[in-house]
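Okay, so here's the structure we're looking at.
There are 2 protein chains.
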Amino acid sequence: MKEVSVILFNNFETLDAFGPVEIFGRLPEHFAVKLYSPEGGIVTSSPNVSVVTEPLTAFNAEEYILFVPGGIGTRELVHNESFISKLKSLAENAEYILTVCTGSILFSKTGLLNGKNATSNKRVFQWTQLESPEVNWIKKARWVKDGNIYTSSGVSAGMDMTLGFIADILGYETAKTQSDQIEYDWKEDSTWDPYAELH
Amino acid sequence: MKEVSVILFNNFETLDAFGPVEIFGRLPEHFAVKLYSPEGGIVTSSPNVSVVTEPLTAFNAEEYILFVPGGIGTRELVHNESFISKLKSLAENAEYILTVCTGSILFSKTGLLNGKNATSNKRVFQWTQLESPEVNWIKKARWVKDGNIYTSSGVSAGMDMTLGFIADILGYETAKTQSDQIEYDWKEDSTWDPYAELH
Numbered sequence: 001m002k003e004v005s006v007i008l009f010n011n012f013e014t015l016d017a018f019g020p021v022e023i024f025g026r027l028p029e030h031f032a033v034k035l036y037s038p039e040g041g042i043v044t045s046s047p048n049v050s051v052v053t054e055p056l057t058a059f060n061a062e063e064y065i066l067f068v069p070g071g072i073g074t075r076e077l078v079h080n081e082s083f084i085s086k087l088k089s090l091a092e093n094a095e096y097i098l099t100v101c102t103g104s105i106l107f108s109k110t111g112l113l114n115g116k117n118a119t120s121n122k123r124v125f126q127w128t129q130l131e132s133p134e135v136n137w138i139k140k141a142r143w144v145k146d147g148n149i150y151t152s153s154g155v156s157a158g159m160d161m162t163l164g165f166i167a168d169i170l171g172y173e174t175a176k177t178q179s180d181q182i183e184y185d186w187k188e189d190s191t192w193d194p195y196a197e198l199h
Numbered sequence: 001m002k003e004v005s006v007i008l009f010n011n012f013e014t015l016d017a018f019g020p021v022e023i024f025g026r027l028p029e030h031f032a033v034k035l036y037s038p039e040g041g042i043v044t045s046s047p048n049v050s051v052v053t054e055p056l057t058a059f060n061a062e063e064y065i066l067f068v069p070g071g072i073g074t075r076e077l078v079h080n081e082s083f084i085s086k087l088k089s090l091a092e093n094a095e096y097i098l099t100v101c102t103g104s105i106l107f108s109k110t111g112l113l114n115g116k117n118a119t120s121n122k123r124v125f126q127w128t129q130l131e132s133p134e135v136n137w138i139k140k141a142r143w144v145k146d147g148n149i150y151t152s153s154g155v156s157a158g159m160d161m162t163l164g165f166i167a168d169i170l171g172y173e174t175a176k177t178q179s180d181q182i183e184y185d186w187k188e189d190s191t192w193d194p195y196a197e198l199h
C-alpha cells in the first residue's frame, strides 16, 4: 500500500487534482489518497471547491507518491522559499513524483527537475522556460516520464498520465480496466498531444 | 448569470461532480458554482475527498441549473423520501437539470423522468430499469437531452455532457474553447458510447 500524497494550496486547479484522485482512489488495495496543504485546514480551488486537508507537519508516510497539481495558485507559490524547501525534502524521500499542468513548474523550483525531461501546460509553456531554463522541457507530450518523475500536460492530461503510471507499476490491464470503469477514453500514447500546436 | 447548484452527499463520485465543476467554473461570467448537501457542512466523496457544502435550507437561487452527480451514496438516497421530495421541488423550479452517472437514477425517483429519454452508468444499467421502469432508458449514449433535462453516462461522460450543454446554450465555440483550454478530447457526438457494449 502506497500513500498518494496530494499537495494542495489555494487556487489549485480542481480537475488537475481530482481526475487523478478519482483514479487512484478506485484502487484502495494499492493506494491511499491523502490531501495535504502547507498549513492544513480548508483550501479552496479554482473554481471554488473548498476541501479539507492535513497540514504538511502531519506528514508521516513512508512509501508514498508525491502528487503536485497545478493552477493559478502556483504563480505565488513558486516564490515561497519555505514551501519549495519543504516540497524538495518530501520529493527526495518519495518513491515517485507526479505533477499535473503547472504543477511541474512549481516542482521545478526544487531544482530536482534540472537536466531532466518534463512537460507542462501548453498554454503557458513559455513560462516553464522562463522559470526553470535548466529543465529539458518537452512541448509535444501528453506526459513525460524521467526516472521516478512523471509530469503531465494541462488539466485533463493528468488522468492519462495517472493511468500510464498505474500501467507502469501495476500492469496495463489494471489501468485499462480503471479507464473503462470510469468510461474514460484513455490516451494511452504519451506522445499524443494536439494541444502542443494549438496553443 | 446562472447558479450551478451541485447537490452533493456522502459517497458521491468525485469526478462525476468535479469534472463538470471544472468546466462550469471556467466561465464565471455565465455560471456561479455552488455546492450543497442535504444537511450542509462537510461531505466526503468516494474516494475520500471532504468538501465544504451549504445546507439545502440555504438554497435561494432564482435562475439555476440543478446538477446531480452519482456515486455509491445514491444507493441509500434513492430510499430517502424527504431528500427525494426536496430534490423534486428544486427540479421543478430549475431552468435546467443535469445528472451524471447514477445521478439519473437518484433523480428518476422524483418521477420527473417518467416517459422521458435518459441514460446512466453502463456498468449498473440493469439497476436503472429496476428502480424506474417508467423512464425510457437509452443504453447507447454518451449523454441524452430531453427538454431541459440532460443525463449522462458514467463518470467521465459528465464532462462531455457539460460541454454539450454549454454548446447548446452558449454556442459551440464557447464549449470548444473550454475543452481545448483544459486539453480535453471532448466527445462532441452524444451517441458516441463504446461502453454500452463493453459493460
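Read top to bottom, the protein sequences are chains U and W. For the first sequence, my numbering gives the first residue as 1, with consecutive numbering after it. For the second sequence, my numbering gives the first residue as 1, with consecutive numbering after it. Glycine included, C-beta positions come from ideal geometry on N, C-alpha and C. None of these values were measured; they are calculated from a predicted model.
- The closest CA to that of A58 of chain W, considering only W:L90, W:S50, W:S46 and W:G19, is found on W:L90.
- Note on geometry: alpha-carbon atoms of A94 of chain W and F107 of chain W lie some 13 angstroms from one another.
- V135 of chain U has a beta carbon lying at 9 angstroms or more from every beta carbon in chain W.
- Here Q181 of chain U is near R123 of chain W, since their CB atoms are less than 9 angstroms apart.
- Proximity of chain W to Y150 of chain U at the Cβ level (cut-off 9 angstroms) is not reached, the minimal Cβ distance being about 16 angstroms.
- The beta carbon of T191 of chain W lies closer than 8 angstroms to those of K140, A141 and R142 in the same chain, with the five residues before and after it left out.
- Distance from F83 of chain W to P38 of chain W at the Cβ level is roughly 6 angstroms; contact confirmed, criterion being Cβ atoms closer than 8 angstroms.
- Ranking U:Y64, U:N117 and U:G41 by CA distance to the CA of E92 of chain U puts U:Y64 first.
- Counting the other CB atoms within 10 Å of its CB gives D16 of chain W a total of 16 or more, which places it among the buried residues.
- Under DSSP, the beta-bridge partners assigned to T53 of chain U are U:G41.
- For chain U, the residues of the region 156-185 of chain W that bring a beta carbon within less than 7 angstroms of one of its beta carbons are S156, A157, D180, Q181, I182, E183, Y184 and D185, in chain order.
- Straight across, the Cα-Cα distance linking L98 of chain U with K145 of chain U is about 9 angstroms.
- R26 of chain W and N60 of chain W have their C-alpha atoms spaced approximately 23 angstroms apart.
- Boundaries around Y172 of chain W are those of the alpha helix (DSSP H), Y172 to Q181, since no beta strand (DSSP E) includes it.
- The beta carbon of S50 of chain U sits closer than 6 angstroms to the beta carbons of I42 and T44 from its chain, once the five residues preceding and following it are set aside; these are given in chain order.
- Interface flag for P47 of chain W against chain U is set, since a Cβ pair is found closer than 9 angstroms.
- Per DSSP, the unbroken alpha helix (DSSP H) holding D16 of chain W starts and ends at T14 to G25.
- The C-beta distance from N48 of chain W to V33 of chain U rounds to 6 angstroms, short enough to meet the 8 angstroms contact threshold.
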